[in-house]
Amino acid sequence: MKYILPFILIIILPCSLLGVESKTDSLLKELDKVISKRSNYLEIKEKKISDLKQEKELLSNEEEILDINREIINQYNSFICDSAEYYIKENLAIARQLDKKDIITESLLHLSYVYSLSGLFLQAAEIFSSMDYTHLPDHYKAWYCWNYIRYFENLIVYINDPRYAYSYEVEKEEWRDRVMN
1 MKYILPFILI IILPCSLLGV ESKTDSLLKE LDKVISKRSN YLEIKEKKIS DLKQEKELLS
61 NEEEILDINR EIINQYNSFI CDSAEYYIKE NLAIARQLDK KDIITESLLH LSYVYSLSGL
121 FLQAAEIFSS MDYTHLPDHY KAWYCWNYIR YFENLIVYIN DPRYAYSYEV EKEEWRDRVM
181 N
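Here the sequence shown is numbered in the working numbering, starting from 1 and rising by one per residue.
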């Protein structure tokens, strides 16, 4: 009787491990397929951006330019930060000229995110401190918190120094708690 349990384990365990291994293999194969199509994805994204830029050339209405720039920014976000920054700043200038507070706020939030991704932490921090969090609408408060969380995550990775990482981790968690409440 005492040998039955080990015998069963010896028979069942390898079979269950084979199932896990084959599932892992299929996931790895799927990942390889996606990676091999990376250039296709890049071409599609670049084509979409090119089409949007051509469409923008035909526009003269600043409201329409704001909208097309928003689409371009969304395409560039976390793809090519320098280009995203250009269109964000253009939207910011137009929004200020038209006194569109929502688009100004949106543009500043986009810019803080792009700066955080690019390692421009001082510039991102200046944007955060220039905005009055308490008077933001709820949807912008959530975005602001999310950007601050990303700011601290990127800062922690960038500095790669445990002496500072803990305090940044604490601040990041405070913003996470704030957005969750």
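Glycine included, C-beta positions come from ideal geometry on N, C-alpha and C.
- [ ] Going by CA-CA distance only, name the one from 105, 146, 156 and 86 that's closest to residue 132.
- [x] 105
In terms of residues, what are the limits of the alpha helix (DSSP H) holding residue 40? 38 to 57
Q.
In whole angstroms, give me the CA-to-CA distance for residue 166 and residue 39.
A. 38 Å
- Given a cut-off of 8 Å, decide if residue 140 and residue 109 are closer than it, judged by their beta-carbon atoms. yes
*asked:* Restricting to runs no shorter than 4 residues, where is the alpha helix (DSSP H) found entirely within the region 125 to 178?
replied: 138 to 159
One question on the structure: do residue 41 and residue 69 come within less than 8 Å of each other, judged by their Cβ atoms?
no
message = With distance defined between alpha-carbon atoms, name the residue in 170, 148, 76 and 130 nearest to residue 44.
response = 76
Using the C-alpha atoms, what's the distance from residue 150 back to residue 162?
18 Å
Determine the DSSP secondary structure at residue 101, reduced to helix, strand or coil.
helix
Practice problem: Check whether the Cβ of residue 35 lies closer than 7 Å to any heavy atom of the ligand ATP, and answer yes or no. | Solution: Ligands displayed in this structure: none; no statement on the ligand ATP is therefore possible.
Notebook entry, point to check: Quick one: what's got a C-beta closer than 8 Å to residue 168's C-beta in the same chain, skipping five residues either side?
Noted result: 152, 155, 156 and 159
Coil, strand or helix - residue 108 by DSSP = helix
Q) Looking at the structure shown, is residue 91 part of a helix, part of a strand, or coil, going by DSSP? A) helix
- Query: Closest to residue 142 by CA distance: which of 71, 52, 135 and 179 is it?
  - Reply: 179
Check: Alpha carbon to alpha carbon, what distance is there between residue 27 and residue 102?
Finding: 43 Å
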